[in-house]
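Trainee:
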Amino acid sequence: MKSSVITFPGSNCDRDMDVALKKFGFRNKMVWHNDVELPKNDLVVLPGGFSYGDYLRCGSMASKSKIMKSVINFANSGGMVLGICNGFQILVETGLVPGVLLRNKYLEFICKNVFVKINNKKNTFFKNIDEDILELHIAHNEGNYFCTNDQLNEIQDNEQIAISYCSKDGKIEDQFNPNGSIKNIAGIFNKEKNVLGMMPHPERMIDQSLSGEDGSLFFKNLINNIK
Amino acid sequence: MKISVIITLKKDVLDPQGKVINQTLEGMGFNDINEVRQGKYFEIDVKDDDPKKAKEKVEEMCKKLLANLVIENYKIIDAQ
């Protein structure tokens, strides 16, 4: 299985993602933002970080960089695209997934482990995963998901809410919402479910001695689904 | 020709920074504030000297990059 991780100036989770993808069997290539063509891929990952220093709006500059035209074409032709954290912010700025990510409600950079509930398993990202709840890491300043009421109705009707912040036992309530996101949204699919943007970092949860291994569950399942 | 643009958050979008600025101003004794909303200001010097064409170009820039129309409005305020 082939994957690519795009490196933008200011990306800082690109190598972590490379390590994670390789650990679970992807043949991964790093692709520079100024490249025009994507290698042949089963999965493209937009990593976390602070692309272009978060200038203007997080992800806005990266969404217009050269490689993104190819990434958008790849996504529109059904290719799997995963955006983590800043990658999610880039995805919303391209319009591949609906909504925007605002500054966290309490104006704090949040760096901690959270629990998320998987809402929809009828897609290549989460099909066959045994768990309903994953413990993952978040680290962001702009993760407060917002969309218009019309968009919210649409994403609910199309089952596009991929994961939601929840308690350890899966309760999706306000007190478990770290950043003020509408409906505790932590991750969103596009309508066709081949594009997923999410704030939590599964690539930080792949080593038993350093973290939990719920990220491993995500990647193991993902590669089996793509095979 | 210089064109100025103001970008503001739409009415129903939460503006936590504006809220904190509001609270701080109140703490300093400015008690007659209804609300503070924070925005962005751009000065763009475009090559075109025709105000109409220049404004059209800047409007396109606003739509494509400067503003995110899901949450923000833009206003071209003057050309000189």
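Residue numbers (my numbering), protein chains in the order written: chain A, 4 to 230; chain B, 1096 to 1175.
For each residue, glycine too, the CB sits at the ideal point set by N, CA and C.
Could you check whether the Cβ of N37 (chain A) sits closer than 9 Å to any Cβ belonging to chain B?
Mentor: On the first sequence, position 34 is the one that residue 37 (chain A) refers to. Not closer than 9 Å to any Cβ of chain B, the Cβ of N37 (chain A) fails to qualify, so no.
Trainee: What residue does the alpha helix (DSSP H) around V1153 (chain B) start on, and which one ends it?
Mentor: Looking up residue 1153 (chain B) in the second sequence gives position 58. Where V1153 (chain B) is concerned, the enclosing alpha helix (DSSP H) stretches over P1146 to M1156.
Trainee: Determine which residues of the region 1162–1174 of chain B have a Cβ less than 8 Å from any Cβ of chain A, and write them out in chain order.
Mentor: Answer in chain order: N1163, V1165 and I1166.
Trainee: If the criterion is Cβ atoms closer than 9 Å, does the pair L85 (chain A) and V47 (chain A) meet it?
Mentor: Translated into the one-based positions of the first sequence, residue 85 (chain A) becomes position 82. Translated into the one-based positions of the first sequence, residue 47 (chain A) becomes position 44. Their beta carbons are under 9 Å apart, which means L85 (chain A) touches V47 (chain A) by this criterion.
Trainee: Going along chain A, which residues have a C-beta under 9 Å from P1111 (chain B)?
Mentor: As a position in the second sequence, residue 1111 (chain B) is number 16, starting the count at 1. Correct list: L105, R106, N107, K108, Y109, L110, N147 and G183.
Trainee: Taking DSSP as the reference, what is the three-state secondary structure of D153 (chain A)?
Mentor: Walking along the first sequence from the start, residue 153 (chain A) turns up at place 150. D153 (chain A) falls in the helix class under three-state DSSP.
Trainee: Please identify, using Cβ separations under 8 Å, the residues of the region 148–159 of chain A that lie next to chain B, in order along the chain.
Mentor: Those residues of the region 148–159 of chain A that come within reach of chain B (Cβ to Cβ, closer than 8 Å) are F149, C150, T151 and Q154.
Trainee: I'd like to know if K194 (chain A) contacts chain B, where contact means its C-beta is closer than 9 Å to some C-beta of that chain.
Mentor: On the first sequence, residue 194 (chain A) is found 191 positions in, with the first residue counted as 1. No - not a single Cβ of chain B is within 9 Å of the one on K194 (chain A).
Trainee: Do I87 (chain A) and M71 (chain A) have their C-beta atoms closer together than 9 Å?
Mentor: Looking up residue 87 (chain A) in the first sequence gives position 84. Looking up residue 71 (chain A) in the first sequence gives position 68. Going by C-beta atoms, I87 (chain A) is not nearer than 9 Å to M71 (chain A).
Trainee: When you compare only the Cα positions, how much space is there between Q159 (chain A) and P203 (chain A)?
Mentor: Position 156 of the first sequence holds residue 159 (chain A). Position 200 of the first sequence holds residue 203 (chain A). C-alpha separation (whole angstroms): 20 Å.
Trainee: Give me the chain A residues within the contact set of L1120 (chain B), using Cβ-Cβ distance strictly less than 9 Å, ordered along the chain.
Mentor: Counting from one through the second sequence, the residue named residue 1120 (chain B) turns up at place 25. Chain A residues near L1120 (chain B): none, gap ~16 Å exceeds 9 Å.
Trainee: For the candidate residues B:L1161, B:D1144 and B:I1098, whose alpha-carbon lies nearest to that of Y58 (chain A)?
Mentor: Residue mapping note: residue 58 (chain A) aligns to position 55 of the first sequence, counting from 1. The candidate whose alpha carbon is nearest that of Y58 (chain A) is B:L1161.
Trainee: Pair every Cβ in the region 128–148 of chain A with every Cβ in the region 165–185 of chain A, then say whether three or more of these pairs are closer than 8 Å.
Mentor: Taking 8 Å as the limit for Cβ pairs, the verdict is that the region 165–185 of chain A does touch the region 128–148 of chain A.
Trainee: Name the chain B residues whose beta carbon is nearer than 8 Å to that of S63 (chain A)?
Mentor: Locating residue 63 (chain A) in the first sequence gives position 60, counting from the first residue. By Cβ distance, chain B contributes L1160 and N1163.
Trainee: Tell me which residues share the same chain as D1110 (chain B) and place their Cβ nearer than 7 Å to its Cβ, disregarding the 5 neighbours each side in the sequence.
Mentor: As a working mapping, residue 1110 (chain B) is identified with position 15 in the second sequence. These residues qualify, in order along the chain: L1104, R1132 and Q1133.
Trainee: Rounded to whole angstroms, what is the Cα-Cα separation between K1159 (chain B) and D172 (chain A)?
Mentor: To locate residue 1159 (chain B), count along the second sequence from 1; it is residue 64. To locate residue 172 (chain A), count along the first sequence from 1; it is residue 169. Cα-Cα distance, rounded: 42 Å.
Trainee: What residues match up with H140 (chain A) in a beta bridge as DSSP calls it?
Mentor: Taking the first sequence and counting its residues from 1, the one referred to as residue 140 (chain A) is at position 137. Answer is A:N116 and A:H204.
Trainee: Going by C-alpha distance, which of A:K5, A:P12 and A:G13 is nearest F29 (chain A)?
Mentor: Translated into the one-based positions of the first sequence, residue 29 (chain A) becomes position 26. Among A:K5, A:P12 and A:G13, the Cα nearest to that of F29 (chain A) belongs to A:K5.
Trainee: Which same chain residues end up closer than 6 Å to L137 (chain A) when comparing Cβ atoms and leaving out the 5 residues on each side of it in sequence?
Mentor: In the first sequence, counting from the first residue as 1, residue 137 (chain A) sits at position 134. So the list reads V119 and D217, once near-sequence residues are dropped.
Trainee: How would you list, in chain order, the residues of chain B whose beta-carbon sits under 8 Å from the beta-carbon of G102 (chain A)?
Mentor: As a position in the first sequence, residue 102 (chain A) is number 99, starting the count at 1. Here the neighbours are V1165.
Trainee: Under 8 Å, with one C-beta from each stretch per pair, do the region 1132–1149 of chain B and the region 126–135 of chain A reach the 3-pair mark?
Mentor: Counting Cβ pairs under 8 Å, fewer than three are found: no touch.
Trainee: Considering Cα atoms alone, identify which of A:S80, A:V117, A:K26 and A:N31 is closest to N9 (chain A).
Mentor: Numbered from its first residue, the first sequence carries residue 9 (chain A) at position 6. For clarity, residue 9 (chain A) is Ile in the given sequence; the question names Asn instead. Looking at the Cα atoms, A:N31 is the closest of the given residues.
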